[in-house]
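Below: the structure, in structure tokens.
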Amino acid sequence: MEKIVKEPKVSRAASLFFIALLGLVLIGGPVQYFFELWGLAITEFLLIFIAVLFIKTRKWDLKEVFPMRRPKLRQLLAVLVSWWGTLLGMLLINQIIMYFFPVAMAQTEGGLTDLFKTLPLPLSLFIVAVLPAIGEEILFRGAIQYNFKDKNKWATVLCVGLLFGLFHLDPTRILGTALLGMVATYIMYETKNLVLPMFLHLVNNAFGISATFLSGDLAHYTISHPVTALSSMFMASWMAPLLILAGSRLLKTKEERLEQPISNKVSATVIVLCLVILAGGIIVPVIADFEPVFQMNFSNEQLTENIEHIGVFSPEKMGKHMLELAVQCENAETSVVMTNGLGETVYSLSGDKMRDSGWIDLTADDYVLTINCDYDGVSEASVYFEILIY
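Read in order, the letters of the sequence shown correspond to residues 9 to 398 in the numbering used here.
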């Protein structure tokens, strides 16, 4: 009997996406909840199984769907250049989201940091960088993108990239992850070599996990001025479009670059994007409505006795205000208590290492913030404290 081979279609890509999403929610979610990073490893193998099973049941050639060849050194360099531009773009997107949705972004970043550090760095690198680079690329740049093989290049890049962002199920990460997915999709479209988007994915995740470990606790227990951080990121990211374009050109051979020169439209678009991003770094501090209600920070690297700091403030505007708190102590404990004009406690927190970010209701009243650092009296102690209310 002749085998019936089903043709690749966008509708089949959508079906596979929802099957994988269902597997992620019903199986991947619970195993990651109970087994943390080991659960992530199981999830990646699940994605590979779903993608391969989907291909086999449609009688497609695995080598055609998942083409892999040894990449050229030039192509690896092209991926690294593209990744650098993509990283800058992702950092800018995340900083913009942090500005408008600080609580959600802080919770996401804190949760990922804690998760990554549940295992030693080598194991975390393998589970967070290597396995997703294989599993997620087999699913997206392999099985899903194969169903777009006869479609317009830019429609494919946009659709597969957005699906990749949506698949991560975190509103604060969708746009940044989608950008990474779009660049990976473009690389796959141009090279027809799954090894290259895998390499992009690997480098990106390995950089993130390594930075998390190497930065230590100080980065997590530090508060950045929202406007300054956003403006600085705009200024640092202006080359992102240029780097992505440069990477895309390096993917091509010298002959291909001569035959397919950069069009005036592409050149103009990249220049405009670079200028817009650069201008953002100048404009943001001018137009941003940011005036701290209260700000205090202090540090003591040689704490030898109990200390107390008191701050008084009166908010001009009633309603919800953002409170960001960072405390890091060694051999000491810090308690933070905020009281209103009636002496009622409206906020309190204590511990040796704390990072809090959330909304707090304040009225037109006088507030007293008391910070006590209790030294254990035995070992060398240190304390770093910072609070920002706006």
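From the three backbone atoms N, C-alpha and C, an ideal C-beta is built for every residue, glycine too.
G36 - partner residues in DSSP beta bridges: Beta-bridge pairing links G36 to no other residue.
With 16 other Cβ atoms within 10 Å as the buried cut-off, status of Q103: buried
Buried versus exposed, by CB contacts within 10 Å (16 or more), F242: If you draw a 10 Å sphere on the C-beta of F242, you find 16 or more other C-beta atoms in it, and that means buried.
Cβ shell of S239 (< 7 Å), same chain only, five flanking positions each side left out: G289, V292, P293
Simplified DSSP state of A114, which is helix, strand or coil: helix
Runs of alpha helix (DSSP H) wholly within the region 216 to 262 (minimum 4 residues, chain order): Secondary structure remark: continuous alpha helix (DSSP H) runs of at least 4 residues inside the region 216 to 262, in chain order: 224 to 228, 234 to 244, 248 to 258.
Cβ distance (whole Å) where L253 is taken to contact V278 below 8 Å: 5 Å
Environment of M113 [buried if 16+ CB atoms lie within 10 Å]: buried
The region 314 to 326 touching the region 381 to 394, judged by at least three CB pairs closer than 8 Å: yes
Whether F175 touches L29 by CB criterion (8 Å): yes
W68 classed as buried or exposed, judged by whether at least 16 other C-beta atoms fall within 10 angstroms: buried
DSSP beta-bridge partners of V345: S356, T378
Entirely enclosed alpha helix (DSSP H) segments - the region 175 to 220, minimum 4 residues: 182 to 199
E324 classed as buried or exposed, judged by whether at least 16 other C-beta atoms fall within 10 angstroms: exposed
Boundaries (first-last residue) of the beta strand (DSSP E) holding G288: No beta strand (DSSP E) holds G288; the alpha helix (DSSP H) holding it covers 272 to 295.
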